Structures are given as structure tokens and as C-alpha cells.
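Notes to accompany the following structure.
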Amino acid sequence: MLLFHWAKLKLAVLALILVVAGIVWAVLGSYQQRFDDWVRVTVIADRTGLVMDRGARVSMTGVQVGEVTGIDYHGDQARLSLRLHRSSLASIPANVDAQITSTTVFGAKYVSLNAPATAASTARLAAGATIDISHVTVEINTVFEQLTDLMRAVDPAQLEATLGALATALQGRGERLGTAIDHASAVLTQLNAADPGIGDLLRTAAPTSTLYGDISPELMRTLSALTSTGTTITDKQQQLAKALSSATTVADTGSDLLAHNGSQLADVLRLLAPTSSLAAEYAPEIPCLFQGITASNTTNPDAYAGQPGVKMFAGLTPGVSPYKYPDDLPKVNATGGPHCLGLPYTDPVEPAPYVVTDTGVNPFDPSRQGVGLRQQPSDLVGYLFGLGGDR
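According to full-length UniProt numbering, the sequence shown is numbered sequentially starting from 1.
What follows is the structure, given as C-alpha cells:
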């Protein structure tokens, strides 16, 4: 009986120990989250910071959804192994944005998952996914390290002088500097608004760049020729200096001439203006005249035969009525502009054309058509002045 009692007591003690051990194991497992349903995710970053440790929390919009289980380095990249609660994946989009940040400058780092800047994907984050870190908060000691490197590279005296000059330049100009910054901000805002147009401009600039690339040999040859030209100018600089000195002398002489005769030259140009205007108005007749002379020399070589004169058969015809006053007073009233009148090529059979104008003289007036063959003058005066003319 006593033996049975001791055996029962031992079993009770063993059961108690097992129960206590089970409770302790359950508490530890619960504390270490061994009974949770986890999902493994990898995060890739350029660096992790100096105070990123295993066990760092992973949060989504401020709510903890997992923790960091490992940190490995591969080349220039750091790979963080995360484990997330499976139940939290339903609220994390597949294109989630991740950052390594901290609550304070000196605080420990943690992984912050945020909604993407663009539209969130309808797909959810899955097990085994890889997330790229977009930003890692800079620690204060990193700033100090970079500042120390800068101070080693820069001479303190020169830095002091530069900062002093900068302070002097900015003293009393804060308002103007603020206005300039506001203007720059407005310009950058307009540039951001015109970003699609700038992109189109850059895309259209590609063919131009290709063209410049194709003609670069020609450009290099041109630059080489310019180099030769520059060398020639350098070699001939004394002659060039003499030429420039002579040009200066000529300019001085011309200046003296204009100073002493400027008013007379102005009068000449003023008097020449009407004549020049008239010549400009009738300038189309000048080519006709010279072309007609050229055509005449070409088509009638026998009339000149290279001699200073003209071969012709001439005779006397009765004259027409002479000038009468005041019927034949001249007028300056002709209009109509320039006329070539058939030049440069005229028909030798047809009489030369005549334009009747209001000049006071009309040689084709019926009263001046001369006399018939039966009314020939009897003396030289009749031939010269016509029948019935004043003698």
C-alpha cells in the first residue's frame, strides 16, 4: 500500500513538472511568436544604416506587421529578410513602397511599408516577394563623418574667408534673396508643368544630335581650316597691323573730307535725288536699249562693217509744217512709265511704234503729214520747212 502511494506521488510530481514545463514552453513560444503564421519577404537596399538589427520591427502605416530576421550583404547591396504576419498581407499591395527609417536621429532603424506614390496595385504582396528600398534615413554620425571628410579636404582659413564673404554678400539682402528664390520656384513650377513638352523636345532633338554626329568630320575639317587661318593671321600680324594702320589713315582722311564738305555732299545728293528717282522709274528701258543695240550689231553686220560710221542710202523728203507758237509749246505731262516699244527685237518691215503723249508735239498729226508726190516743193526752203512754212 505504501509502495503504491509513493508511485502515485511520483507520477503526480512528474505530471506537475511536465505541466509547468509545457506552460513555460508555451509562454516562451508565444513570446517568440513561434505559433504565428509567418510569410518570408526580402528587402533590397543600398545600405541599412548603422543601427539596423535583427528583430527590428516592420510596420505598415504605423502598425507593426512583422520583423527583420536577417541582414546579409552582397556586394554594394544589403538584403533584409523579413517575416510578416500572413493575415497582414491582405492590406499590403504588391507595389508597396518601403523605407528604412527611424523615430529619431539617434534611434534604432525599422522598415516602414507605405502606400505607393502611384495607384496601388490590386494584387497583394505574396510570400517570397522582393521589395526595393526607396530611401534610407541618414544617421547623425554619418553626417558628422561626411562633414569631417569635408573639413579635412577644405582649408579652414579658406573656408572661413569664403563664409565671411558669403555672409557679407547676403547681409541686408534677405528680402531680395527670398524674392529670387520665389521667382526660381515659379520658374521650376512652370518647367514641371511643361515636363511632357520638354520630353517631346528632347525626343525630337535626337535626330539633330545624330545629324551633328554624321557631319562631325566636316566640322572638324572646318575647325582645322580655321586653325590654319588663325596661324596665317598670326604669321602675318605685322602686315595686318600695317593694313589696319593704313585703313585708319584713310578713315581719318575721309572723316576730314566729310567734315569740310559734308554740306556740299548733302546738297549734291539732294539735287541728285529727283534724277535718280526718274532713272530708277525708267530703268527697265535701259536693258531694252542695250539689248536692241546688241541685236542690231548681230543682225546687221554689213551696215557697220567694223567702221566708225553707218552705210546708208539717204534722200530728201518734203518737210512738214514747222513749229508754231503757241500751238506747239512743249509740255512736261507725259505719263505711262517705261516702254521698250518692241525692243530688243523689232520687225524691220513694220514702222517703229510711237506712243502719243501729252507733250505738246505730235508728229503724226494729219496736218503735218507732208505733201503728196504731186505737190513737191520747188526750192530747198520747201524741203526744209514744208509747204506753207514760215520763211
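Just so you know, even glycine gets a beta-carbon here, dropped at the ideal spot from N, CA and C. The model shown is predicted, which means the values in this text are computed figures rather than measured ones.
Between alanine 56 and leucine 201, what straight-line distance do the alpha-carbon atoms span, to the nearest angstrom?
Position 56 of the sequence shown, counted from the first residue, corresponds to residue 56. Position 201 of the sequence shown, counted from the first residue, corresponds to residue 201. Those two C-alpha atoms are separated by around 47 Å.
Residues near arginine 54 by beta carbon distance below 7 Å, same chain, minus five either side: As a position in the sequence shown, residue 54 is number 54, starting the count at 1. Same-chain partners within the cutoff: Val68, Thr69, Gly70 and Ile71.
| message | Would the region 78-98 count as touching the region 115-126 if we require 3 or more Cβ pairs under 8 Å? | response | The way I'd put it, the region 78-98 does touch the region 115-126; three or more beta-carbon pairs between them come closer than 8 Å.
- DSSP state of methionine 60, grouped into three classes? Taking the first residue of the sequence shown as position 1, residue 60 is located at position 60. Methionine 60 falls in the strand class under three-state DSSP.
Problem - Between the CA atoms of isoleucine 133 and leucine 113 - distance to the nearest angstrom - result: Position 113 of the sequence shown, counted from the start, is the residue given in the question as residue 113. Position 133 of the sequence shown, counted from the start, is the residue given in the question as residue 133. Approximately 10 Å between the Cα atoms of the pair.
Exercise for the section: Determine the direct distance from the alpha carbon of methionine 151 to that of tyrosine 73, and round the result to whole angstroms. Expected result: To locate residue 73, count along the sequence shown from 1; it is residue 73. To locate residue 151, count along the sequence shown from 1; it is residue 151. Those two C-alpha atoms are separated by around 30 Å.
- [ ] Within 10 angstroms of the Cβ of aspartate 390, are there 16 or more other Cβ atoms? Answer buried if so, exposed if not.
- [x] As a working mapping, residue 390 is identified with position 390 in the sequence shown. Bear in mind that a pLDDT of 49 at aspartate 390, under 50, signals an unreliable position, so the model cannot answer this.
- prompt: By the 10 Å Cβ neighbour count, where 16 or more other Cβ atoms means buried, how is residue 399 classified, buried or exposed?
  reply: With the chain represented from 1 up to 391, any question about residue 399 goes unanswered, as that position is not in the structure.
*asked:* Can you list, in chain order, the residues of its chain with a C-beta nearer than 6 Å to that of leucine 265? Leave out the 5 residues immediately preceding and following it.
replied: As a position in the sequence shown, residue 265 is number 265, starting the count at 1. Answer for leucine 265: no residue qualifies.
Margin query: Can you tell me whether aspartate 347 sits near the ligand FAD, meaning its C-beta is under 7 Å from at least one heavy atom of the ligand?
Written below: The ligand FAD is not part of this structure, which contains no ligands at all.
Quick one: residues in its chain with C-beta nearer than 8 Å to the C-beta of threonine 359, no 5 flanking neighbours on either side, listed in chain order? On the sequence shown, residue 359 is found 359 positions in, with the first residue counted as 1. Excluding sequence neighbours, threonine 359 sits near Pro330, Lys331, Val332, Asn333 and Ala334.
- Please state whether DSSP places threonine 118 in a helix, a strand or coil. The residue you call residue 118 lines up with position 118 of the sequence shown. Reduced to three states, the DSSP call for threonine 118 is coil.
Subject >> Under 8 Å between C-beta atoms of valine 41 and isoleucine 131 >> reply: Position 41 of the sequence shown holds residue 41. Position 131 of the sequence shown holds residue 131. In contact: valine 41 and isoleucine 131 (Cβ atoms closer than 8 Å).
*Please work out which residues of its chain come closer than 6 Å, Cβ to Cβ, to leucine 18, disregarding the five sequence neighbours upstream and downstream, and give them in chain order.*
For this step, residue 18 is matched to residue 18 along the sequence shown. Correct list: empty, nothing qualifies.
- Query: Can you tell me the Cα-Cα spacing of proline 217 and threonine 208, whole angstroms?
  - Reply: The count along the sequence shown starts at 1 and reaches residue 217 at position 217. The count along the sequence shown starts at 1 and reaches residue 208 at position 208. So the alpha carbons of these two residues sit roughly 16 Å apart.
**Q.** Whole runs of the beta strand (DSSP E) within the region 160-199, excluding any shorter than 3 residues
**A.** none
**Study point:** For valine 13, three-class secondary structure by DSSP
**Key:** Within the sequence shown, the letter at position 13 stands for residue 13. Valine 13 falls in the helix class under three-state DSSP.
Aspartate 97 - containing beta strand (DSSP E), residue span: Looking up residue 97 in the sequence shown gives position 97. Residues 97-102.
Using only the alpha-carbon positions, how far apart do tyrosine 345 and proline 351 sit?
Translated into positions along the sequence shown, residue 345 becomes position 345. Translated into positions along the sequence shown, residue 351 becomes position 351. C-alpha separation (whole angstroms): 13 Å.
For tryptophan 38, tell me which candidate among Leu16, Val96, Asn95 and Leu84 has the shortest Cα-Cα distance.
As a working note, residue 38 is residue 38 in the sequence shown. Here the closest residue by C-alpha is Leu84.
| request: May I ask you to list the residues that DSSP assigns as paired with histidine 339? | output: Reading the sequence shown from its first residue, position 339 is the one you call residue 339. Answer by DSSP bridge pairing: none, since histidine 339 is not bridged.
Determine the closest residue to methionine 52 out of Leu28, Ala280 and Arg79, with distance taken between C-alpha atoms. Locating residue 52 in the sequence shown gives position 52, where the first residue counts as 1. Ranking Leu28, Ala280 and Arg79 by Cα distance to methionine 52 puts Arg79 first.
Discussion item. By DSSP's criteria, arginine 79 is part of a beta bridge. Which residues make up the other side?
Written reply: By 1-based counting over the sequence shown, the position of residue 79 is 79. In the DSSP output, where bridge partners are listed per residue, arginine 79 has Ile44 and Asp72.
Around the Cβ of alanine 15, are there at least 16 other Cβ atoms within 10 angstroms (buried) or fewer (exposed)? Here the question's residue 15 lines up with position 15 in the sequence shown. Looking at its Cβ environment, which holds fewer than 16 other Cβ atoms inside 10 Å, alanine 15 is exposed.
Using only CA atoms, which one of Thr234, His183 and Ala98 lies nearest to glycine 62? As a working note, residue 62 is residue 62 in the sequence shown. Among Thr234, His183 and Ala98, the Cα nearest to that of glycine 62 belongs to Ala98.
Straight-line CA distance for glutamine 238 to leucine 258?
Numbered from its first residue, the sequence shown carries residue 238 at position 238. Numbered from its first residue, the sequence shown carries residue 258 at position 258. Taking the straight line from one Cα to the other gives about 30 Å.
Self-check item: Which of helix, strand or coil DSSP assigns to glycine 66
Solution: As a position in the sequence shown, residue 66 is number 66, starting the count at 1. Reduced to three states, the DSSP call for glycine 66 is strand.
query: alpha helix (DSSP H) containing asparagine 333: first to last residue?
result: As a working note, residue 333 is residue 333 in the sequence shown. Note, asparagine 333: premise wrong, no alpha helix (DSSP H); not H, not E.
Beta-bridge pairing of threonine 210 - partner residues as DSSP gives them
Along the sequence shown, read from residue 1 onward, the residue named residue 210 stands at position 210. DSSP output for threonine 210 lists no bridge partner at all.
* Asked: In three-state terms, what does DSSP make of lysine 109?
  -> Counting from 1 along the sequence shown, the entry for residue 109 is found at position 109. Correct three-state label for lysine 109: strand.
If leucine 177 and leucine 170 are in contact, beta carbons under 8 Å, what's the gap, nearest whole angstrom?
Position 177 of the sequence shown, counted from the first residue, corresponds to residue 177. Position 170 of the sequence shown, counted from the first residue, corresponds to residue 170. Rounded, the Cβ-Cβ distance is 7 Å, consistent with contact.
**Study point:** Minimum Cβ-Cβ distance from valine 349 to chain C less than 8 Å
**Key:** As a matter of chain content, chain C is missing from the structure shown, which is built from one protein chain.
Q) What span of residues does the alpha helix (DSSP H) with alanine 94 cover, start to end? A) In the sequence shown, the residue the question calls residue 94 occupies position 94. Taken as a continuous stretch (DSSP letters only), alanine 94 belongs to no alpha helix (DSSP H), as it is neither H nor E.
Query raised in the report: Based on the DSSP secondary-structure assignment, which residues constitute the bridge partners of threonine 130?
Result: What you label residue 130 is simply residue 130 of the sequence shown in a count that begins at 1. Answer is Thr42.
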